[in-house]
Every structure is written in structure tokens, then in C-alpha cells.
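Data block below; observations after.
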Amino acid sequence: MSNLEYKKSKQKNPHTHTTKTHEDQSLKGTFVSVMLLGTFIVVAWVGIFYLFISRL
Amino acid sequence: MHLHRYEKYWLIFGVGTLIIFLSVIGVSAFAMGNHPPSHTETIDPQNVDETPPFDNPGLEQIDEHTYVATIKAMTFGYQPNEIEIPVGSTVIFQVTSQDVVHSFTIPGTNVNMMVTPGHINKAEHTFTEPGSYLVLCNEYCGTGHHYMQMTIEVIE
Numbered sequence: 016m017s018n019l020e021y022k023k024s025k026q027k028n029p030h031t032h033t034t035k036t037h038e039d040q041s042l043k044g045t046f047v048s049v050m051l052l053g054t055f056i057v058v059a060w061v062g063i064f065y066l067f068i069s070r071l
Numbered sequence: 017m018h019l020h021r022y023e024k025y026w027l028i029f030g031v032g033t034l035i036i037f038l039s040v041i042g043v044s045a046f047a048m049g050n051h052p053p054s055h056t057e058t059i060d061p062q063n064v065d066e067t068p069p070f071d072n073p074g075l076e077q078i079d080e081h082t083y084v085a086t087i088k089a090m091t092f093g094y095q096p097n098e099i100e101i102p103v104g105s106t107v108i109f110q111v112t113s114q115d116v117v118h119s120f121t122i123p124g125t126n127v128n129m130m131v132t133p134g135h136i137n138k139a140e141h142t143f144t145e146p147g148s149y150l151v152l153c154n155e156y157c158g159t160g161h162h163y164m165q166m167t168i169e170v171i172e
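Chains U and L, in that order, give the protein sequences.
Every position in the first sequence, counted from 1, becomes a number in the working numbering once 15 is added.
Every position in the second sequence, counted from 1, becomes a number in the working numbering once 16 is added.
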């Protein structure tokens, strides 16, 4: 939506935008993504650290 | 401030891993002495040949199982070109360059450091397996870069 279209729609219906409360939003997908990324970082870190220690 | 339940979980996870990572690195650095091979010692790169200990590069035994190897890196080789040590020895390599940036790398070990003119870099390794170890330069230093190597003979 362009800036102009957005302004027009706001002028027509100024109160249509509703927000869900914070707790209502489903963060399950975000949570899974964050944990997958976290697991990757932990596995990579442990792997590299093990490589360093094993070559001492 | 209100936080979603999942937000609390991943914040705890993130902060927890950060604390674990930093603790492990802190203990290994300050209690076990693991550190990168950089060193604050400097040297005049124009007069490497006249500056001790690099006026007499080679291997020096400092106690029963410990040696100091003083090595000059130059285009395109190392001086000395070969050192021989008994198995089980710990060698402290102190290396400097008399021309451009080189590296001192023993593949398969943690010895992998840059050798910059004007600086003396140090790395330590204990050789527990006998054999012939290749030392390579892995910083491109000129047209003969791929010929730049030396060997460490670890004998029984």
C-alpha cells in the first residue's frame, strides 16, 4: 500500500485498526525459530571449542 | 513491563548460554592459560639479524622437556629450515619476520599464527606423536609463497 492509499484509507475509517493484546499473539513459530537458531549457535560453539581443546 | 511467556524462555536461554560461553572462555584463558598467539613484544624489523635472540636463530633447550625455537620468517622460507626434538617435548616457538607478513602454521595443531614484521609472536605446542611435521606459511607473501615451508622432526 502506497503512502497516499494508506492516508486515504485512514481518512475513510480512522478506527479500523485493532491490536491484539500481547498475550494473545501466537509466538510459537518465533519461539521454535529462536530455539533452532540458538541450538545451531550452541552446537557450532561447542564443536569449535572441542576442536581447540583436542589439539592442545 | 509485561513479557510473553515464550519471550521469557528465550531470554533466559540466550543470557544463560552467554554466561556459560564467557565462563568457559574466562576459565580457559585465566586459569589454564589458553590465549591467542599474539604477543606484545616488538623488534626493529630492519635489524632482525643483529637483534638477540634472532641474531642466532635455532633450538634451545631450557629444561628437560621444554625447548625454545627462535625462528626467522622471510621470503620464501624459515631459518632454521628444520628442527629435531624428542617426542613428548614442549616447544615454545618465537617467530618474527624480516620482510613482509608471513604465517607460521603447523597443520593439525593449534599453532597457527601470523608473523608480522616488527612483532615477535609466540605459540606453544607439545608434540606427543613422533613423525615429521610440516610448517607452512598461510599468508600470501609473494610469488614464492607456495614454496615457503620448514619441517619439525619429532623422534622417539
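We put the beta carbon where it would ideally sit given N, CA and C, even for glycine.
Per DSSP, the bridge partner or partners of residue i
i: residue 94 of chain L; result: L:89
i: residue 110 of chain L; result: L:86 and L:138
i: residue 101 of chain L; result: L:170
i: residue 74 of chain L; result: L:86
i: residue 165 of chain L; result: L:152
i: residue 58 of chain L; result: L:135
i: residue 79 of chain L; result: L:82
Residue range of the beta strand (DSSP E) that includes residue i
i: residue 150 of chain L; result: 147-152
i: residue 130 of chain L; result: 128-131
i: residue 51 of chain U; result: Run containing residue 51 of chain U: none in the beta strand (DSSP E); it sits in the alpha helix (DSSP H), 43-69.
i: residue 120 of chain L; result: 118-121
CB-CB length for residue i against residue j, believed under 8 angstroms
i: residue 59 of chain L; j: residue 147 of chain L; result: Residue 59 of chain L to residue 147 of chain L, Cβ: 32 angstroms. No contact.
i: residue 144 of chain L; j: residue 103 of chain L; result: 7 angstroms
i: residue 87 of chain L; j: residue 94 of chain L; result: 5 angstroms
i: residue 137 of chain L; j: residue 53 of chain L; result: 5 angstroms
i: residue 141 of chain L; j: residue 121 of chain L; result: The Cβ separation is near 11 angstroms, so there is no contact.
Cβ-based burial, residue i [other Cβ within 10 Å; buried from 16]
i: residue 55 of chain U; result: exposed
i: residue 166 of chain L; result: buried
i: residue 139 of chain L; result: buried
i: residue 48 of chain L; result: exposed
i: residue 62 of chain L; result: exposed
i: residue 48 of chain U; result: exposed
i: residue 114 of chain L; result: buried
i: residue 85 of chain L; result: buried
i: residue 123 of chain L; result: exposed
i: residue 17 of chain L; result: exposed
i: residue 171 of chain L; result: exposed
i: residue 63 of chain U; result: exposed
First through last residue of the alpha helix (DSSP H) which encompasses residue i
i: residue 33 of chain L; result: 21-46
Residues of the region 120-132 of chain L whose Cβ lies closer than 8 angstroms to any Cβ of chain U, in chain order: 124, 125 and 126
Contact set between the region 142-153 of chain L and chain U, restricted to residues whose Cβ is under 7 angstroms from the partner: Listed in sequence order: no entries.
Against chain L: residues of the region 44-66 of chain U by CB proximity under 8 angstroms: 45, 46, 49, 50, 53, 56, 57, 60 and 64
Positions along the region 19-31 of chain L whose CB lies within less than 9 angstroms of some CB in chain U: 19, 20, 21, 22, 23, 25, 26, 29 and 30
Cβ-based contacts, 9 angstroms cut-off: residues of the region 87-110 of chain L near chain U: none
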